[in-house]
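Residue numbers (this note's numbering): 3 to 113.
Have a look at the structure below before the remarks.
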């Protein structure tokens with residue numbers, strides 16, 4: 003995902019430097035922004051589900067402490083941390099791409 007984000011931003015920069023029409027770049031950017039927004043929504047739902055599982059495992063560990071519950075707690079905690087980090091990347095990238103949209107809009111004269 004990081005590479006997808008970097009490649010798209012580089013493509014936009016090259017397009018602007020090479021004199022491509024900002025309107026054309028804006029259409030491409032809107033399409034890829036929609037993809038990223040969809041990815042962000044899916045990962046939000048998965049992250050929230052993982053959080054609910056984490057909370058259930060935490061309750062199980064508190065009510066019935068044991069080695070298996072402890073391992074399960076650690077496993078779900080690690081998965082949750084990675085999902086949160088990935089969601090953080092997606093959210094920040096979408097916000098950054100909104101700013102890129104504004105910049106492209108200004109260059110195309112729509113602002």
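All C-beta atoms in this analysis are idealised placements derived from N, C-alpha and C, irrespective of residue type, glycine included.
Spatially closest choice to residue 96 from 43, 20, 71, by CA coordinates: Looking up residue 96 in the chain shown gives position 94. Nearest C-alpha to residue 96: 43.
Endpoints, alpha helix (DSSP H) assigned at residue 28: Numbered from its first residue, the chain shown carries residue 28 at position 26. Note, residue 28: alpha helix (DSSP H), 24–65.
Where residue 14 falls, given that 16 or more other Cβ within 10 Å makes a residue buried: As a position in the chain shown, residue 14 is number 12, starting the count at 1. So residue 14 counts as buried.
Minimum C-alpha distance to residue 90 - residue among 74, 110, 46, 52: On the chain shown, position 88 is the one that residue 90 refers to. Checking every option, the nearest Cα to that of residue 90 belongs to 46.
Would you be able to state if there are at least three C-beta pairs under 8 Å between the stretch 62–74 and the stretch 22–40? no
Where does residue 94 fall in DSSP's three states? The residue labelled residue 94 in the question sits at position 92 within the chain shown. In this structure, residue 94 counts as helix in the three-state DSSP scheme.
Take residue 53 and list the residues in its own chain whose beta-carbon comes closer than 7 Å to its own, dropping the five residues that flank it on each side. As a first step, residue 53 is located in the chain shown; it is residue number 51 there, counting from the start. Cβ neighbours of residue 53 beyond the five flanking positions: 82.
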